[in-house]
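Protein chains: 4
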Amino acid sequence: MIVSVIGESIATPLNEKYAYEVGKLLAKSNLTLACGGLGGVMEAASEGCKKEGGTTIGILPGLNPSESNQWIDIPICTGLGYARNVIVARTGLVVIAIGGAYGTLSEIAYALAEDKPVIGLNTWEIMKNNSFDNKITRANNAQDAVQKTLEKIAGKG
Amino acid sequence: MIVSVIGESIATPLNEKYAYEVGKLLAKSNLTLACGGLGGVMEAASEGCKKEGGTTIGILPGLNPSESNQWIDIPICTGLGYARNVIVARTGLVVIAIGGAYGTLSEIAYALAEDKPVIGLNTWEIMKNNSFDNKITRANNAQDAVQKTLEKIAGKG
Amino acid sequence: MIVSVIGESIATPLNEKYAYEVGKLLAKSNLTLACGGLGGVMEAASEGCKKEGGTTIGILPGLNPSESNQWIDIPICTGLGYARNVIVARTGLVVIAIGGAYGTLSEIAYALAEDKPVIGLNTWEIMKNNSFDNKITRANNAQDAVQKTLEKIAGKG
Amino acid sequence: MIVSVIGESIATPLNEKYAYEVGKLLAKSNLTLACGGLGGVMEAASEGCKKEGGTTIGILPGLNPSESNQWIDIPICTGLGYARNVIVARTGLVVIAIGGAYGTLSEIAYALAEDKPVIGLNTWEIMKNNSFDNKITRANNAQDAVQKTLEKIAGKG
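Residue numbers (this note's numbering), protein chains in the order written: chain A, 4 to 160; chain B, 4 to 160; chain C, 4 to 160; chain D, 4 to 160.
Structure, rendered in structure tokens:
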């Protein structure tokens with residue numbers, strides 16, 4: 004079973020730490036990691052996952068597998084540019100969003116549009132008509148994010 | 004010059020009214036309208052634009068031009084499903100977002116990621132780290148939205 | 004009604020002449036031209052169409068409308084790179100292939116896969132099991148190509 | 004290293020046998036298999052690969068990992084419909100085409116357009132100006148196809 008981790012490619016130290024820990028905990032839970040395959044949150048999560056013996060998928064914007072970070076086992080070369088974000092959002096059973104720039108927001112939006120659970124860790128809040136949209140499940144730390152991911156997967160079983 | 008209008012496919016009466024007026028005002032300003040080609044905000048904006056003699060482009064999720072609403076002059080058949088949202092966001096020089104569900108949020112995010120001006124009319128607010136992101140330019144009504152669109156286009160000239 | 008013209012971006016003089024004439028004849032038949040928006044066959048067909056007063060759509064690989072050739076009225080910015088070929092193939096009711104490199108072959112294949120009529124003018128032949136596939140309708144010149152296009156459109160009516 | 008196997012979803016017994024053997028031989032060579040994840044050639048190749056202990060990637064047209072055949076380890080949910088063909092062609096270092104309908108031809112064309120080696124086993128021939136295009140490397144059987152794949156990979160090293 005695959006979980007997608009999305010987040011900024013130039014990450015704050017806190018978000019990198021979160022991502023690394025999430026990657027480790029996903030591997031410990033025997034979950035495969037999918038991400039956009041590049042730097043920042045993607046790289047930190049991939050490193051954590053690999054160091055714990057997990058499997059990592061990188062869904063790349065370009066044509067060349069060597070553009071992926073060094074922790075990617077399976078590079079998927081889309082050649083679609085940032086339109087590949089939608090495939091990252093779709094490939095995980097659950098999406099964990101950490102920090103994030105606008106690309107991350109697009110992935111959150113695609114996941115929510117398709118009723119896929121989104122776990123948010125230090126990421127965007129979205130509001131409409133002056134009230135918060137509560138479809139993103141908030142996590143307080145990496146452990147909490149993976150715990151809530153496992154609950155979402157179990158709930159779909 | 005093309006302006007994209009994005010928004011919910013099942014729209015509130017207020018958002019449909021906004022969309023219709025925006026469509027009319029875009030046509031009056033000699034701007035071409037691009038949208039997702041389906042119902043709700045997309046249809047109302049297309050109707051307004053056509054009734055004022057404008058030109059309308061519908062960037063469709065499916066393979067069949069007949070899936071577009073009746074006000075579309077130029078159906079683009081992507082066959083990409085909702086991944087076509089990214090093309091709607093990219094094709095306009097400016098994006099006007101009216102109301103909107105998660106699909107609209109994905110289009111806003113893509114436009115912002117590519118530094119394209121987004122005018123928001125009764126649509127999503129986005130926040131990070133407890134502060135509002137101010138990259139969406141807020142409009143109070145259809146006239147204001149098109150006025151701000153014209154200013155953005157002039158500013159890029 | 005939209006007809007797609009596909010073909011090589013660096014074209015032989017013969018193929019450019021064919022493309023220019025096809026563009027003119029499509030405009031004379033009140034058909035809108037869609038193409039990939041760049042050079043070679045795409046540019047010559049667009050020029051012919053515009054000089055006869057027709058309308059031209061360029062479905063671009065990149066993000067910037069200014070990458071289109073000068074004869075494009077409606078630039079669609081996909082940002083999908085050469086994966087945008089599939090949208091060119093899908094947007095026309097009929098596809099006219101002139102000359103062509105491998106990108107053109109991909110568009111022919113997509114059109115045939117979706118049972119869309121393909122008119123071939125000096126373009127690829129495809130064979131399987133030592134016999135020619137006869138799904139591409141062969142044309143001898145530009146006039147013949149547009150005549151056969153009109154017949155295909157009428158036959159679908 | 005990943006090799007893509009492409010081919011018809013409703014396959015002849017001969018092509019299924021070829022695909023099954025190719026899958027086995029790829030696994031024996033420690034190569035990962037990527038395919039479109041569905042039936043026919045895709046399923047037979049995946050089965051052969053799994054029975055030899057290999058790893059299989061299915062790049063799916065839809066949103067649901069359960070649409071993949073039972074031999075897929077890693078389902079990538081593109082939601083792009085048949086436009087996902089381009090990602091299959093791009094993800095392998097080499098593409099092996101077995102039999103094939105028009106979708107397979109589109110993948111061959113994309114691979115050739117990007118100068119990726121294509122090994123053809125009982126598949127399309129393509130001609131231009133009355134001469135065969137010799138960019139597809141012909142194989143006589145499964146063993147030959149995988150042998151030539153290994154040579155192409157070595158040649159790029």
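For glycine and all other residues, C-beta sits at the position ideal for the given N, C-alpha and C.
For a contact meaning CB atoms closer than 7 Å, what does S109/B contact in chain A? Under the 7 Å cutoff, chain A gives S109, A112, Y113, A116.
Tell me which residues share the same chain as E70/B and place their Cβ nearer than 7 Å to its Cβ, disregarding the 5 neighbours each side in the sequence. Excluding residues within five positions, the ones whose Cβ falls inside 7 Å are L63.
Taking the beta strand (DSSP E) that R141/B falls in, what are its first and last residues? Counted as a single uninterrupted DSSP element, the beta strand (DSSP E) harbouring R141/B occupies residues 139-141.
Closer than 8 Å at the beta carbon, the chain D residues around R93/A: Neighbourhood of R93/A in chain D, by CB distance below 8 Å: L66, C80, T81, G82, in chain order.
Which residues DSSP lists as bridging V8/D, in chain order: Partner(s): I99/D.
Would the segment 47-54 of chain A count as touching the segment 16-30 of chain B if we require 3 or more Cβ pairs under 8 Å? Too few Cβ pairs lie closer than 8 Å, so no.
Would you mind working out which of D118/B, I122/B, N132/B sits nearest T107/B, comparing C-alpha positions? It is I122/B whose Cα lies nearest to the Cα of T107/B.
Shorter than 8 Å from the beta carbon of S69/D to some beta carbon of chain A? Taking CB atoms only, S69/D has no neighbour in chain A less than 8 Å away.
What's the gap between the Cα of V44/C and the Cα of V98/C? Rounded to the nearest whole angstrom, the CA to CA distance from V44/C to V98/C is 13 Å.
Local conformation of S71/D per DSSP, three classes: Look at S71/D here: in three-state DSSP terms it is coil, with no helix or strand label.
Span separating the alpha-carbon of N125/C from that of D118/C: A straight line joining the alpha-carbon of N125/C with that of D118/C spans about 21 Å.
The segment 76-84 of chain C in contact with the segment 85-97 of chain B per 3-pair CB rule at 8 Å: Short answer: they touch.
Backbone secondary structure at T107/A - three-state DSSP: Note: T107/A maps to helix in three-state DSSP.
Residues bridged to V121/C by DSSP? V121/C is bridged to V98/C, I139/C.
Helix, strand or coil: which one does DSSP assign to L36/B? In this structure, L36/B counts as strand in the three-state DSSP scheme.
Pull up the distance between the alpha-carbon of E11/A and that of N72/A, whole angstroms please. Computed Cα separation, rounded: 14 Å.
Rounded to a whole number of angstroms, what is the C-alpha to C-alpha distance between A47/C and N133/D? Rounded to whole angstroms, the gap between the alpha carbons of A47/C and N133/D is 25 Å.
Interface partners of A86/B on chain D, CB under 7 Å: The answer, in chain order, is G82, L83.
Tell me the rounded alpha-carbon separation between I101/D and E128/D. If I take the Cα positions, the gap works out to 12 Å.
Closest by C-alpha distance to G57/D, when choosing among L153/D, N143/D, L28/D: Taking only the C-alpha atoms, the option nearest G57/D is L28/D.
Does any residue of chain B have a CB that is nearer than 8 Å to the CB of V44/C? Under the 8 Å criterion on CB atoms, V44/C is classed as non-interfacial with respect to chain B.
Kindly identify the DSSP beta-bridge partner or partners of S49/B. Paired residues: none, contrary to the question.
Provide the residue span of the alpha helix (DSSP H) that contains P16/B, from first to last. Looking at the DSSP string, the run of the alpha helix (DSSP H) that includes P16/B is 16-31.
Which term fits I5/A, buried or exposed, when burial requires 16 or more other beta carbons within 10 angstroms of its beta carbon? With at least 16 other beta carbons inside 10 angstroms of its own, I5/A counts as buried.
I need the straight-line Cα distance from V89/C to P120/D, nearest angstrom please. Cα-Cα distance, rounded: 22 Å.
Could you check whether the Cβ of E128/B sits closer than 8 Å to any Cβ belonging to chain A? E128/B belongs to the set of residues whose beta carbon lies under 8 Å from a beta carbon in chain A.
What does DSSP give as the partner residue(s) for G61/A in the beta ladder? Answer by DSSP bridge pairing, in chain order: C38/A, P78/A.
Considering just the uninterrupted stretch of the beta strand (DSSP E) at I129/B, what are its terminal residues? Start and end: 128-131.
Is there a Cβ from chain C that is less than 8 Å from the Cβ of V121/B? Interface flag for V121/B against chain C is unset, since no Cβ pair is found closer than 8 Å.
Would you say V89/A reaches chain D, if we count a Cβ-Cβ gap shorter than 8 Å as a contact? Chain D contact via Cβ: present.
Contact defined as beta carbons within less than 8 Å: I believe G61/A pairs with G26/A. What is the distance between those atoms, to the nearest angstrom? The C-beta separation of G61/A from G26/A comes to about 13 Å, leaving the pair out of contact by the 8 Å criterion.
Consider the Cβ of I60/C: report whether some Cβ of chain B lies at a distance smaller than 8 Å. Look at I60/C: its C-beta is under 8 Å from a C-beta on chain B.
Would you call the CB atoms of S109/D and A112/C closer than 8 Å? Taking 8 Å as the cut-off, the Cβ atoms of S109/D and A112/C count as close.
Any beta-carbon of chain C closer than 8 Å to the one on I77/B? For I77/B, the answer is yes, since a Cβ of chain C falls inside 8 Å of its Cβ.
What does the Cβ neighbour count give for I13/A, buried or exposed, with the cut at 16 atoms within 10 Å? I13/A comes out exposed.
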